[in-house]
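Just so we're aligned: 74 in full-length UniProt numbering is position 74 of the sequence shown, and the numbers increase by one with no gaps anywhere.
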Amino acid sequence: MEIQQGTYAGFWVRLIAFLLDMAFVAPLLYLIFDILLYHQNNDFYIIIGKTCLFCFYFFILTYLFGQTFGKMVVGIKIVPKQHHKIAWEEVLLREVIGKFLSIMFVFTGILLIALDPQKQSLHDKLGNMYVVWEKA
Numbered sequence: 001m002e003i004q005q006g007t008y009a010g011f012w013v014r015l016i017a018f019l020l021d022m023a024f025v026a027p028l029l030y031l032i033f034d035i036l037l038y039h040q041n042n043d044f045y046i047i048i049g050k051t052c053l054f055c056f057y058f059f060i061l062t063y064l065f066g067q068t069f070g071k072m073v074v075g076i077k078i079v080p081k082q083h084h085k086i087a088w089e090e091v092l093l094r095e096v097i098g099k100f101l102s103i104m105f106v107f108t109g110i111l112l113i114a115l116d117p118q119k120q121s122l123h124d125k126l127g128n129m130y131v132v133w134e135k136a
């Protein structure tokens, strides 16, 4: 996909979108796992459950809409490099594997957004995607 220069979404707007997503997801995780399942007393399964639901949120919304709720609010979206619907394999690479690797390397993969001319993070590159302004 040919993207005009200047339409890529940068680090700060993407951080704001992520923080908005956290403001939406964190209360749900707290409600489901810390209140409803409080009596379970098995921290391992609660952490696994929270992680799975967290990944599921990003995976499903990115696959269906190319945006999470946070991205919708700030007006950015994820687009594939080619003109096609985002494939679930690309979303899996970007949202689960790529973000895990970005975080494992002390967020270096995410900080690439500030240095890369196309504002791509490690997880964007793995998924062959860009994050762009929606009205660009």
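Every residue gets a Cβ at the ideal spot worked out from N, C-alpha and C, and that includes glycine. On a predicted model such as this, the values are computed, not experimentally measured, just so you know.
Rounded to whole angstroms, what is the Cα-Cα separation between Gly10 and Cys55?
Looking up residue 10 in the sequence shown gives position 10. Looking up residue 55 in the sequence shown gives position 55. Approximately 22 Å between the Cα atoms of the pair.
Thinking C-alpha only, which one of Leu20, Trp12 and Val132 is nearest Gly70?
Walking along the sequence shown from the start, residue 70 turns up at place 70. Among Leu20, Trp12 and Val132, the Cα nearest to that of Gly70 is on Leu20.
Tell me the DSSP secondary structure of Ile103 in three-state form.
If you number the sequence shown from 1, residue 103 lands on position 103. Helix at Ile103.
In whole angstroms, what is the alpha-carbon distance linking Asp34 and Met22?
For the purposes of this step, residue 34 is taken as the residue at position 34 of the sequence shown. For the purposes of this step, residue 22 is taken as the residue at position 22 of the sequence shown. Straight-line Cα distance between these residues: approximately 16 Å.
From Phe52 to Gln67, what does the alpha carbon distance come to, in whole angstroms?
The sequence position of residue 52 within the sequence shown is 52, counting from 1. The sequence position of residue 67 within the sequence shown is 67, counting from 1. The amino acid occupying residue 52 in the given sequence is Cys; Phe does not appear at that position. If you take the alpha carbons of Cys52 and Gln67, they lie about 19 Å apart.
Let me confirm a value: Phe58 is counted as buried when at least 16 other C-beta atoms fall within 10 Å, else exposed. Which label applies?
By one-based count along the sequence shown, residue 58 stands at place 58. Counting Cβ neighbours within 10 Å, Phe58 comes out buried, since at least 16 surround it.
Hey, quick one: how far does the beta strand (DSSP E) through Pro117 stretch, first residue to last?
In the sequence shown, counting from the first residue as 1, residue 117 sits at position 117. Taken as a continuous stretch (DSSP letters only), Pro117 belongs to no beta strand (DSSP E), as it is neither H nor E.
Taking the alpha carbon of Gln82 as the point to measure from, which residue in Gly127, Leu29 and Leu101 has its own alpha carbon closest?
As a first step, residue 82 must be located in the sequence shown, where it is residue number 82. Ranking Gly127, Leu29 and Leu101 by Cα distance to Gln82 puts Gly127 first.
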